[in-house]
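Protein chains in written order, with this note's numbering: chain Z, 43 to 222; chain G, 42 to 298; chain H, 219 to 569. Backbone N, C-alpha and C fix where the C-beta goes; we use that ideal spot for every residue, glycine too. Reviewing the structure listed below.
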Amino acid sequence: MEDYSTVISGFGGQGVILAGKILARTGMETGFQVTWLPSYGPEMRGGTANCTAIISSELIGSPIVDNPSALIAMNPPSLDKFKGTVGEDGLIVVNTSLVDEPEERDNVTVAGVPLNEIAQEIGNQKAINMVALGAWAKFTEGIDLEDVVRGMELTLTDMGKERFIESNGEALKRGYGYIK
Amino acid sequence: MSDKATSVKKKDMTKVVGKPDSMNDTHFSYCPGCHHGIINRLIGEAIDELGIQEETIGTAPVGCSVFLYKWFDIDVVQPPHGRVSAVATGIKRARPDKTVFAYQGDGDFASIGTNNSVHAANRGENITVFFINNTLYGMTGGEMAPTTLIGQKTTTTPGGRKAKDFGYPIKMSEMLARLDGPTYITRQAVYDVPRIKSAKEAIVKGFRNQIEGKGYSLIEILSACPINWGLDPVEAVERIKDEVEAVYPLGDIIDRG
Amino acid sequence: MGEMQLMRGNEAIAESAIRAGCKNYFAYPITPQAELLQWMAVHMPEVEGGTFLQAESEIGAINMVYGAASAGERTMTSSSSPGISLKQEGISYLAGANLPAVIVNIMRGGPGLGNIQPAQGDYFQATKGGGHGDYHTITLAPSTVPEAAQLTYDAFDLADKYRTPVTVLADGMIGQMMEPVELPERKDREEIPQKPWATTGAQGRKGNVIKSFALGGEDLKAMNLARFERYEEIKKKEVRSEEVNVEGSEVVIAAFGTVARIVKSTIRLAQEDGLKIGLFRPITVWPFPGEQLNELSKRVDTVLTVEMNSGQMVEDVRLSVKSGTETPFYGEVGGVVPTPGGILEEVKQYV
Ligand SMILES: Cc1ncc(C[n+]2csc(CCOP(=O)(O)OP(=O)(O)O)c2C)c(N)n1
Ligand code: SF4
Ligand SMILES: [Mg+2]
C-alpha cells in the first residue's frame, strides 16, 4: 500500500479533529502504522482547526509532512492554506457547499463534494466530516469503505456515542457514493 | 469605514457609537458571549473619560485576555502567570505618577498568584486591580479554579467540584476586605445595562482612587465563559444570576476612600 | 501486555504512570500538557488510595510531591516549560533529600511565556541541574507515544532504585499526537520496592528524617559525595541510546525526542536521493551517552546535531566525539518544528 497522509481542515465545530481520529483508528485496525496530530491551543478558538492523519505500511517518522497525499478542505481558508502543499498524484476533497471548486492542478485530483447539502439530506448536519471521509475512501487502495465504517464505529463506541453510529454510517456511504 | 471613524471626537459632544479612543479597531478574539470583551471596553471608556490614555500602564495576564495589548492603544506589560499584582507594584513604584492597572483572571489572581495578590492588597499598593471571575480556567481548557462552585463540572472535576477533595469557592474579595491595606473592594457584573453602568462607575472609581493617591482598589467582575460552561451566551447570563451571584453577591464590600 | 490502543502522548503517559503504581499526582493546568491532568482527574480516583489533586500552582504541586515522596509513595507531577521553571526549587530539594519522584515536562516554546508549540529549549535546564546546587535528575527523552509510555513506567523504577527525581522530557508534539500504544501491565503492590527510609510514622523504629539540610561542611560534603557515587553507577548502568542506519554512513545526525523521529523520515527521503545518512539518538539525555557517541564518531566524518532550540545538546555532542569530527548544528526555534525535507537540505551540505 502507498502511504496516506491526510490533512483535514475546517472551522472549529466541523468535526475536523474527530474525522482525523477516525482515519487513524481505521488505519490501525486495518493493520497499518498510524499517527494523528492536531493543531492545538487558543488559535483554534473560533478559527480554523486542522489535523494530520498518516496511515503507512512502514514505521512513521514525522507526524507532519511537507506534502500530504490528500487534503480534505471543509471551508475556504483551509483550501487557501493547504491546496498548494498537496503532493504529486494527490487528492483534494473540497466542500463545494462553501467553496468554489479549485482549478485542476497537474497530477492532483480534485473531488468537489457538497458536504453540507448531503449531510442535510440525511438529516444530520453534524455529519459533514463523515461525508468527506466517505468521498476520501473512494480513492484509496488497501483501505475500503467498510474499514472506515468500522473505524468510525469503534471510535464512537469508545466515546460513548453509539447513538450516532447509524447516521454517520449513512453519511460515509453517501460521500462514497457521490464520487462517480 | 472603520468603527472609529464613526465616533464623534469633539469635546462638547457625547460619543454615541464606536470604540473608546484608548482602544483600536483590532477585533477581540474572545468567544461569542464572553464578558472579557465588555470589561475591556469599559476599562477603555473609563480611561477616555478620565483622560489618562497617555498616563496609563496596563498589564496583559496569562489567560484568555493575554491579547489585551492588541486592542488598547496604551503601554502594556505582559507578566508571568499569577504575578500581575507584583509586576504592577514594580511598575507603580518605579513610576508613581502613572496610573497602573492589573487585569487578572481568577486562576491568575486567586490560585497561582494568591500570595502576590494578598500582599499587594495588604501593602495598600496604590494600584487598580481588575479581577475577572469566570469560575474556571478559560484559556487552558476549562479546568477547575479555586472560584469554581461546588458541584460545578469542569475538565478536572468531571464529577463536579467536591469540597472534601478540592475545598470551597474562594471569596477573595471578602478575604482581602479583612485586611487593613485596601481602600476599595467591590464585586460587579456586566450582563445587563444596569450592571454595566454600575461596573463602569466602579472602574472609574478604582482609577480615581489611584489618581488621588488613596491606595489599593479591587474591582471583581463576574464574567461568563459560555464555551467552557457548555452553555449558550443567554444561558450563561442566567447562570450568573441564578448560581454564581448566590455564592458571590454583587455590591461594594469596603469603601474607605 | 494488553491490546493496542490509539492514545495521545499525554494520555499514554498518565495511564502508564498509574500502571507503574503512581498513587499521588499533583499538578497545575498548562498547555500542551492539559490532557495529562485531565486524564488523571478521571482515572486517578479509580485507583485504590489514589490521589489526584489540582494544586494552586506549580510551586504547590512540586512541594506536594516532596511530601508524598517523603511518605514513601510513588508520586508524579507534570507540566510544560514555564511551570517546570517554577518547580525548580522543589526539584532541587527532592534531589538534595534523595527522594524518588517523576517529573514530566511537555516542552513548549520559550523563554518566558513563549508559545505553546513544541520545542526543546529546556534541554540545559533538564540535564544540567535546573535548580540551585550540585545535582542531576535522570532525564529520559521519548520520541514516540509508545516510548513515552514505556519510559514513564521505567522512570518510577529508576527513581526508586537510585532515590532520585527522574524527568521525562517530551514536547508538545509527543504530548498532543496519537499513536497506537500497547500499555505496560499494572504493577502489583509487591513489585514496588519497600522504603524503610520513608516518614511513615516511627512505629517500632527510630525516627526517619527527610532533609537536604546539613549545617556542617563535612556533613554536606558527605551527602553530596554519596549522591555523586550513585550518579556514577547510573552512568555505568542506565545509559540508553539508539543508532539507526549508521553502518557505512559518513554523516550521522544526532537528535533526541521529536526531532529524532523526524530524522527517521529524513533518512528515508535521503535514500530516495541515493544518500546514506544515519541517526544517533540519546534516550537518556542525562546521563548523556557520550561513550557510545565517541565510539560512533570514530567511524564517521560528520555528526550534525539537529534540535528545536538554538544549540544545547550540541555542546554534549562536541564534548563526546573524537577530535577532528565535524560537528555542525541546525536548529529550529520559536516552536517551529523542522521538516524531513528541511533537515535533508541541511544534511546535503555535508555529504
Ligand atoms: C507558570 C504557568 N502555569 C500555567 C500556565 C498555563 N495557563 C495559562 S492561562 C492559565 C489560567 C487561565 O485562567 P484564568 O486566570 O482564570 O483566566 P481566564 O482564561 O479564565 O480568563 C493557565 C493555568 C502558564 N502560562 N504559566
Ligand atoms: S474560553 Fe471563556 S473566557 Fe476564554 S474567550 Fe472563550 S468564553 Fe471567554
Ligand atoms: Mg478564569
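(message) Looking only at its chain, what residues have a beta carbon closer than 6 Å to the beta carbon of residue 101/G, apart from the 5 residues adjacent to it on each side?
(response) Only 107, 109, 110, 117, 119 meet the Cβ criterion.
(message) Tell me which residue opens and which closes the alpha helix (DSSP H) that residue 310/H is part of.
(response) Counting along the chain, residue 310/H sits inside the alpha helix (DSSP H) bounded by residues 299 to 314.
(message) Considering only DSSP beta bridges, list what residue 504/H is partnered with.
(response) 357/H
(request) Measure from the alpha carbon of residue 264/H to the alpha carbon of each residue in 285/H, 242/H, 358/H, 409/H, then state which is nearest. (result) 242/H
(request) Within the same chain, show all residues whose beta-carbon is closer than 7 Å to that of residue 352/H, passing over the 5 residues directly before and after it, in chain order. (result) The beta carbon of residue 352/H sits closer than 7 Å to the beta carbons of 442 from its chain, once the five residues preceding and following it are set aside; these are given in chain order.
(message) So that I know if they touch, is there some Cβ in chain Z lying closer than 9 Å to that of residue 397/H?
(response) yes
(request) Could you tell me whether any non-hydrogen atom of ligand 2 is closer than 8 Å to the CB of residue 265/G? (result) yes
(request) Please confirm if the region 238 to 250 of chain G is in contact with the region 266 to 283 of chain G, defined as three or more CB-CB distances below 8 Å between the two stretches. (result) Not touching, per the Cβ criterion.
(message) Can you tell me whether residue 176/Z is buried or exposed? The criterion is at least 16 other CB atoms within 10 Å of its CB, across all chains shown.
(response) buried
(message) Tell me the DSSP secondary structure of residue 273/G in three-state form.
(response) coil
(request) Ignoring anything shorter than 3 residues or poking outside the region 146 to 231 of chain G, list the beta strand (DSSP E) runs there in chain order. (result) 169 to 174, 225 to 230
(request) Report the neighbours of residue 82/Z on chain H: residues whose CB is nearer than 8 Å to its CB, in chain order. (result) 249, 250, 334, 390, 394
(message) Can you list, in chain order, the residues of its chain with a C-beta nearer than 8 Å to that of residue 204/Z? Leave out the 5 residues immediately preceding and following it.
(response) 198
(request) Excluding the 5 residues preceding and the 5 following residue 170/G in the sequence, name in chain order all residues of the same chain whose CB lies nearer than 6 Å to its CB. (result) 143, 259
(message) Below 8 Å on C-beta distance, what does residue 101/Z contact in chain H?
(response) 482
(message) So with CB distances below 9 Å, who are the chain Z contacts of residue 557/H?
(response) Within chain Z, the residues 104, 106, 107, 108 have their CB atoms less than 9 Å from the CB of residue 557/H, given in chain order.
(request) Within the same chain, show all residues whose beta-carbon is closer than 7 Å to that of residue 188/G, passing over the 5 residues directly before and after it, in chain order. (result) 147, 151, 174, 176, 210, 211
(request) Figure out for me which residue from 529/H, 232/H, 530/H, 511/H has the closest Cα to the Cα of residue 521/H. (result) 511/H
(message) Within 10 Å of its beta-carbon, does residue 340/H have 16 or more other beta-carbons around it, so buried, or fewer, so exposed?
(response) buried
(request) Output yes if chain Z places a C-beta closer than 9 Å to the C-beta of residue 232/H; else output no. (result) No, because no Cβ of chain Z sits closer than 9 Å to the Cβ of residue 232/H.
(message) Just to confirm before moving on: does the CB-CB distance between residue 174/Z and residue 191/Z stay below 9 Å?
(response) Cβ distance not < 9 Å, so residue 174/Z and residue 191/Z don't count as in contact.
(request) Would you identify the three-state DSSP class for residue 378/H, choosing helix, strand or coil? (result) helix
(message) Less than 7 Å between C-beta atoms, sequence neighbours within five positions excluded: which residues of the same chain meet that for residue 206/Z?
(response) 198
(message) I'd like to confirm the pairing. Which residues does DSSP put opposite residue 144/G in its beta bridges?
(response) 171/G
(message) I want to verify the contact list: residues of chain G whose CB lies under 8 Å from the CB of residue 274/H, in sequence order.
(response) 152, 153, 155, 187
(request) With a threshold of 16 other CB atoms inside 10 Å of the CB of residue 537/H, please say whether the residue is buried or exposed. (result) By the 10 Å Cβ count, residue 537/H comes out exposed.
(message) Can you pull the chain H neighbours of residue 66/Z, defined as C-beta to C-beta under 9 Å?
(response) 224, 396, 397, 398
(message) Just to confirm the assignment, what range does the beta strand (DSSP E) spanning residue 395/H have?
(response) First-last for residue 395/H: undefined, no H or E at that position.
(request) Answer yes or no: the CB of residue 71/G versus the heavy atoms of ligand 2, is any distance below 8 Å? (result) yes
(message) If I measure Cβ to Cβ from residue 103/G and keep anything under 6 Å in the same chain, skipping five residues before and after, which residues do I get?
(response) 122
(message) Taking only three categories from DSSP, how would you classify residue 248/H?
(response) coil
(request) Using a threshold of 9 Å, state whether the C-beta atoms of residue 288/H and residue 317/H are closer than that. (result) Contact: yes.
(message) Does residue 281/G come out as helix, strand or coil in the three-state DSSP assignment?
(response) helix
(request) Give me whichever residues DSSP pairs with residue 549/H in a beta bridge. (result) 525/H
(message) Given 8 Å as the limit, tell me if residue 548/H has its C-beta closer than that to any heavy atom belonging to ligand 3.
(response) No, ligand 3 has no heavy atom inside 8 Å of this Cβ.
(message) Does chain H have any CB closer than 9 Å to the CB of residue 122/G?
(response) yes
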